[in-house]
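Novice: Pasting a structure here, questions to come.
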């Protein structure tokens, strides 16, 4: 079955460390996205990519980095420059020419300890 | 980003009808989505509106007025499992299919 997989589901990071969240899709979707969600809040866009080897900053890109070397993969690195990284991170993908919305992964809950 | 406003919380009774409103800035509008999100889970797609009018899909309907920058999600015959957060989202202008989400409306369905 096609889908979008995020790993790990839970992640703990020490302050000052970088950490990479994985996102893989086998839906042949063109575009991929990363969002952050804080308790009681909506989703805020971190980065998005519409094609391989290209990506754009969203509203809250500072302290994060991404790569899009393959169509299927869009990993997100949370760097030590991100001052408040504890959050629920959601990856999504979509067809570029369709209007049925996103397919979301199940999310990664990152906690700084 | 565009300002998207939704009520923070709503409560309704099982079997009743509830309407969740969403307002947004009209400049650069290119489509509006509604998603449902249960606690601790990923959002799931409910509806998409790009033209004015009502889209009906089973117990859920979504309405759009582009001139007023207004949409609503109508949930009929409420069930306990409808207790969730409902997110309104619009496409960012000139950014492909990237979506700007509102903060969501937390709906509690009571017996």
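Chains as they are written, first to last, in my numbering: chain U, 45 to 157; chain R, 3 to 113. Note that the Cβ used here is the ideal one computed from N, Cα and C, for glycine as well. Remember, it's a predicted structure, so these values are computed and weren't measured experimentally.
Any beta carbon from chain U within less than 7 angstroms of residue 34 (chain R)'s own beta carbon?
Specialist: Here residue 34 (chain R) refers to the residue found at position 32 of the second chain. Chain U contact via Cβ: absent.
Novice: Consult DSSP for residue 82 (chain R) and reduce its assignment to one of helix, strand or coil.
Specialist: Position 80 of the second chain, counted from the first residue, corresponds to residue 82 (chain R). Residue 82 (chain R): helix per DSSP, three-state reduction.
Novice: Whole angstroms are fine: how far does the CA of residue 76 (chain U) sit from the CA of residue 17 (chain R)?
Specialist: As a first step, residue 17 (chain R) is located in the second chain; it is residue number 15 there, counting from the start. As a first step, residue 76 (chain U) is located in the first chain; it is residue number 32 there, counting from the start. Approximately 38 angstroms, taken between the alpha carbons.
Novice: Do you know offhand how far residue 34 (chain R)'s Cα is from residue 28 (chain R)'s?
Specialist: As a first step, residue 34 (chain R) is located in the second chain; it is residue number 32 there, counting from the start. As a first step, residue 28 (chain R) is located in the second chain; it is residue number 26 there, counting from the start. If you take the alpha carbons of residue 34 (chain R) and residue 28 (chain R), they lie about 11 angstroms apart.
Novice: With contact counted as at least three CB pairs below 8 angstroms, one residue from each stretch, are the segment 89-97 of chain U and the segment 60-77 of chain U in contact?
Specialist: Flag = yes, the segment 89-97 of chain U and the segment 60-77 of chain U touch.
Novice: Give, in chain order, every residue of the segment 65-79 of chain U whose Cβ lies closer than 8 angstroms to some Cβ of chain R.
Specialist: Those would be 75, 77, 79, in chain order.
Novice: Less than 7 angstroms between CB atoms is the rule here; does residue 3 (chain R) satisfy it with respect to chain U?
Specialist: Counting from one through the second chain, the residue named residue 3 (chain R) turns up at place 1. With a pLDDT of only 48 at residue 3 (chain R), under the threshold of 50, the placement of this residue in the model should not be trusted; the figure read from the coordinates follows. Chain U, which has a Cβ nearer than 7 angstroms to the Cβ of residue 3 (chain R), makes this yes.
Novice: Would you list the one or two residues that DSSP bridges to residue 102 (chain R)?
Specialist: On the second chain, residue 102 (chain R) is found 100 positions in, with the first residue counted as 1. Looking at the DSSP assignment, residue 102 (chain R) forms a beta bridge with R:92.
Novice: Which full runs of the beta strand (DSSP E) of 3+ residues lie inside the segment 23-61 of chain R, going along the chain?
Specialist: Runs of the beta strand (DSSP E) inside the segment 23-61 of chain R: 34-39, 46-51, 55-59.
Novice: Between the segment 83-109 of chain U and chain R, which residues of the former have a C-beta closer than 9 angstroms to a C-beta of the latter?
Specialist: Residues passing the 9 angstroms Cβ filter: 84, 85, 86, 87, 88, 89, 92, 94, 100, 102, 103.
Novice: Ordered along the chain, which non-local residues of its own chain (more than five positions away) have a Cβ less than 8 angstroms from that of residue 119 (chain U)?
Specialist: On the first chain, residue 119 (chain U) is found 75 positions in, with the first residue counted as 1. Cβ neighbours of residue 119 (chain U) beyond the five flanking positions: 64, 65, 66, 67, 110, 111.
Novice: Given 8 angstroms as the limit, is there contact between the segment 53-67 of chain R and the segment 96-108 of chain U, that is, 3 or more CB pairs closer than that?
Specialist: No, the segment 53-67 of chain R does not touch the segment 96-108 of chain U.
Novice: With 8 angstroms as the limit, tell me which residues of the segment 13-26 of chain R have their beta carbon closer than that to any beta carbon of chain U; keep them in chain order.
Specialist: Answer set for the segment 13-26 of chain R: empty.
Novice: So residue 70 (chain U) and residue 116 (chain U) are supposed to be a Cβ contact under 8 angstroms. How far apart are they, rounded?
Specialist: For the purposes of this step, residue 70 (chain U) is taken as residue 26 along the first chain, with counting starting at 1. For the purposes of this step, residue 116 (chain U) is taken as residue 72 along the first chain, with counting starting at 1. Right, the Cβ-Cβ distance comes to about 6 angstroms (below 8 angstroms), so this counts as a contact.
Novice: Which same chain residues, not among the five before or five after residue 40 (chain R), have their C-beta less than 7 angstroms away from its C-beta?
Specialist: As a working note, residue 40 (chain R) is residue 38 in the second chain. Same-chain partners within the cutoff: 86.
Novice: When burial is assigned at 16 or more other CB atoms within 10 Å of the CB, is residue 48 (chain R) buried or exposed?
Specialist: Numbered from 1 along the second chain, position 46 holds the residue referred to as residue 48 (chain R). It counts as buried.
Novice: Under 8 angstroms between beta-carbons, which chain R residues line up against residue 150 (chain U)? List them in chain order, please.
Specialist: Counting from one through the first chain, the residue named residue 150 (chain U) turns up at place 106. Neighbours of residue 150 (chain U) on chain R, chain order: 43, 44.
Novice: Report the neighbours of residue 1 (chain R) on chain U: residues whose CB is nearer than 8 angstroms to its CB, in chain order.
Specialist: With chain R covering 3 to 113 only, the question about residue 1 (chain R) has no answer from this structure.
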